[in-house]
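Below is one structure; the comments refer to it alone.
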Amino acid sequence: MKQRNIIGDKYDEHGEQLQGDLQTLLIKMEMEKDSEEKRTAAVAASKKRDEIFMWHQRLNGPLASTCENMANDARVEYLTSCVVQKTDKTKVWSSLGDYRLPGDQELKLRARLEVMLWMEGLESDFMQNVPENKILFSTSEELTEEEESEKAAKEKIIEATPKTQIPDPPAPKKRARPRRKKKQ
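Using my numbering, you'd call the opening residue of the sequence shown number 4 and step up by one each time.
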């Protein structure tokens with residue numbers, strides 16, 4: 004992997020540079036006073052976080068087929084089949100075999116994700132709690148409030164203007180089609 008420049012000093016240096024860039028963007032985002040500038044910085048920070056993820060995927064991709072990774076996948080599957088419960092405290096799957104049967108793939112994927120987050124000690128909504136997403140959420144709420152007030156103001160203006168009757172345009176005249184000649 005070193006020969007293919009997947010790992011090594013350059014990989015580590017670039018990863019550290021990306022982390023530093025992200026920290027700089029997060030600080031800039033926190034320091035901004037204008038909500039539009041905060042929003043722009045938050046979008047840039049989100050893109051940088053995606054870039055860091057893609058950079059790490061360069062290493063994780065080739066390692067995905069290792070025995071350790073396959074064992075980890077099996078462990079997550081087993082834990083998912085054992086741990087996930089319905090609201091009435093009954094298990095969703097009675098065994099690993101039931102979990103592996105074809106069925107609700109969306110439920111399985113969501114349950115697996117929740118188990119992986121739980122194993123890492125993360126909350127389900129941890130992505131909403133990263134700084135740039137908090138800023139994007141708060142600025143979108145501000146924009147929604149501004150849009151609602153603008154809409155209410157426009158409606159008041161429309162209600163205040165006198166209504167005038169505009170006649171409907173005349174219907175277009177129908178054209179006759181030429182008759183087809185009968186074949187003899």
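Think of the CB as a built atom: it goes at the ideal place given N, C-alpha and C, for glycine as much as any other residue.
Where does the unbroken alpha helix (DSSP H) through Arg178 begin, and where does it stop?
Unbroken run through Arg178: none, as it is neither H nor E.
Kindly identify the DSSP beta-bridge partner or partners of Lys94.
The bridge partners DSSP lists for Lys94 are Gln88.
Cβ atoms of Arg42 and Ile200: under 9 angstroms apart, would you say?
Look at the range of the chain in this structure, 4 to 187, and you will see that residue 200 is not part of it.
Considering only C-alpha positions, which residue in the set Tyr14, Lys13 and Ala47 is nearest to Thr27?
Residue Ala47 holds the alpha-carbon nearest to the alpha-carbon of Thr27 among Tyr14, Lys13 and Ala47.
Where Pro134 sits in the DSSP three-state scheme:
Note: Pro134 maps to helix in three-state DSSP.
Coil, strand or helix - Ala114 by DSSP
DSSP places Ala114 in helix when its eight states are reduced to three.
Excluding the 5 residues preceding and the 5 following Ala174 in the sequence, name in chain order all residues of the same chain whose CB lies nearer than 7 angstroms to its CB.
Within the same chain, no residue comes within 7 angstroms of Ala174 by CB-CB distance, once the 5 residues on both sides are set aside.
Reference Gln22; option with closest CA among Ser49, Glu158, Val87 and Leu110:
Checked all of Ser49, Glu158, Val87 and Leu110; the closest Cα to Gln22 is Ser49.
Could you give the first and the last residue of the continuous alpha helix (DSSP H) run that contains Gln26?
Element bounds for Gln26: Asp12 to Met34.
Where does the unbroken alpha helix (DSSP H) through Pro172 begin, and where does it stop?
Taken as a continuous stretch (DSSP letters only), Pro172 belongs to no alpha helix (DSSP H), as it is neither H nor E.
Val79 versus His17, Leu104 and Glu117, residue with shortest Cα-Cα distance:
Nearest to Val79 by alpha-carbon distance, out of His17, Leu104 and Glu117, is Glu117.
Between Lys31, Ile55, Ala45 and Ile30, which has its C-alpha nearest Glu19's C-alpha?
Ranking the options by Cα distance to Glu19, first place goes to Ile55.
DSSP state of Leu104, grouped into three classes?
Looking at Leu104 - three-state DSSP - the assignment turns out to be coil, as it is neither helix nor strand.
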